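Student: Take a look at the following structure, please.
2 protein chains.
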Amino acid sequence: MRPVFKIWLENNGKVFGEGPLEILQKVEKTGSLRSAAAQMGMSYNKAWRLIAALEERLGYSLLEKRVGGACGGGSKVTPYAQQLMKRYSELKEEAEIVLEKLYLKHFEGFKT
Amino acid sequence: MRPVFKIWLENNGKVFGEGPLEILQKVEKTGSLRSAAAQMGMSYNKAWRLIAALEERLGYSLLEKRVGGACGGGSKVTPYAQQLMKRYSELKEEAEIVLEKLYLKHFEGFKT
DNA sequence: ATCCATTATACTAATATGAGTATAACGCTG
DNA sequence: CAGCGTTATACTCATATTAGTATAATGGAT
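Protein chains in written order, with this note's numbering: chain C, 1 to 112; chain L, 1 to 112.
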């Protein structure tokens, strides 16, 4: 038996979490939302709607989007999004450690 | 913006969490799974299948079930389930406190 | 002007989830 | 032994979520 947890941010509905973090990280690497989605095995459509929904609830844009041009365009993570990513990922990392400890504390010697 | 989290236990699939905890608590109060489900606005059918699935994955029974008899029967939470409930609810309570602190630490002064 | 890869968005289809309905079996009580 | 309210379980139907498909629009490069 093992503990599992998820932590995310809400404003008026979900605003940030593990999935969005991974998408933005891949956008940083690839330079476009389309290829980020492809790398995750996710349809571009889904990724786009997800980001759009988050942006609307946040009131800030996460991606600076260029459409058209030499290579069709691309997306860049905004400074605001970079902050969110950094803070959220650190929060999550520490939460993992702390929760694992809490689990051991409370479930030590369990199983009758 | 606020943090939200969920924590649950897995074995071969979900084995315990907030929903099951609430059901079992209501069984303790009402003496039957049927009325527990009713109090939660959940169909008996759903509640029964949920508990049955958990029991199978755990390898232990959570409810001691009597069928037939004076008042039709009823269910009682097993000692094993009581331990699970106690440990899980304490774990969750402490996790809430700790995670709220972690959130404040990491998101202090956020919003640009 | 055409091509290209991308963003942007609407519309449809598949799937998963959950709710509801139905029915059997059980066993105490009167 | 008939009635009652419960557990136990199968089966169908509605609904919500998600995935997929299609199509436009953009703008620099050739």
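Where is the CB? At the ideal position from N, CA and C, for every residue including glycine. Note that this is a predicted model, so its numbers are computed, not measured.
When Cβ atoms are compared, which residues of the stretch 45–56 of chain C fall closer than 8 Å to chain L?
Tutor: Residues: none.
Student: Does E10 of chain L have its Cβ less than 8 Å from a Cβ in chain C?
Tutor: Chain C, which has a Cβ nearer than 8 Å to the Cβ of E10 of chain L, makes this yes.
Student: Mapping the DSSP letters down to three states, classify K6 of chain L as helix, strand or coil.
Tutor: If DSSP states are grouped into helix, strand and coil, K6 of chain L belongs with the strands.
Student: Relative to the alpha-carbon of F110 of chain C, which residue among L:M1, L:Y88 and L:I97 has its alpha-carbon at the smallest distance?
Tutor: Ranking the options by Cα distance to F110 of chain C, first place goes to L:Y88.
Student: Of the residues that make up the stretch 2–28 of chain L, which ones have a beta carbon closer than 7 Å to any beta carbon in chain C?
Tutor: The residues in question are R2, P3, V4, F5, K6, I7, W8, L9, E10, N11 and V15.
Student: Report the CB separation of A53 of chain C from A36 of chain C in whole angstroms; it is logged as a contact under 8 Å.
Tutor: No, A53 of chain C and A36 of chain C are not in contact; Cβ-Cβ is about 16 Å, not under 8 Å.
Student: Going by Cα to Cα distance, which pick from C:L50, C:G73, C:L104 and C:K105 is closest to I23 of chain C?
Tutor: It is C:L50 whose Cα lies nearest to the Cα of I23 of chain C.
Student: Can you pull the chain L neighbours of G81 of chain C, defined as C-beta to C-beta under 8 Å?
Tutor: The residue you asked about is not Gly; residue 81 of chain C is Ala in the sequence shown. The premise fails here: A81 of chain C is roughly 11 Å from chain L at the closest Cβ pair, so nothing lies under 8 Å.
Student: How would you label A70 of chain L, buried or exposed, when you count the other beta carbons within 10 angstroms and need 16 or more for buried?
Tutor: It counts as exposed.
Student: Pairs of beta-carbons, one from the stretch 60–80 of chain C and one from the stretch 17–32 of chain C, closer than 8 Å: are there three or more?
Tutor: Enough Cβ pairs lie closer than 8 Å, so yes.
Student: Determine the DSSP secondary structure at E22 of chain L, reduced to helix, strand or coil.
Tutor: Correct three-state label for E22 of chain L: helix.
Student: So is P20 of chain L buried or exposed if we call it buried at 16+ other beta carbons inside 10 Å?
Tutor: P20 of chain L is buried by the Cβ-count criterion.
Student: Straight-line CA distance for E18 of chain L to W8 of chain L?
Tutor: Cα-Cα distance, rounded: 7 Å.
Student: Given that N90 of chain C touches chain L, what residues does it touch there, using C-beta distances under 8 Å?
Tutor: Residue identity differs from the one stated: residue 90 of chain C is Glu in this sequence, not Asn. Within chain L, the residues near E90 of chain C are H106.
Student: With DSSP as the reference, label E108 of chain L as helix, strand or coil.
Tutor: In the structure shown, E108 of chain L sits in coil (DSSP, three-state: anything other than H, G, I, E or B).
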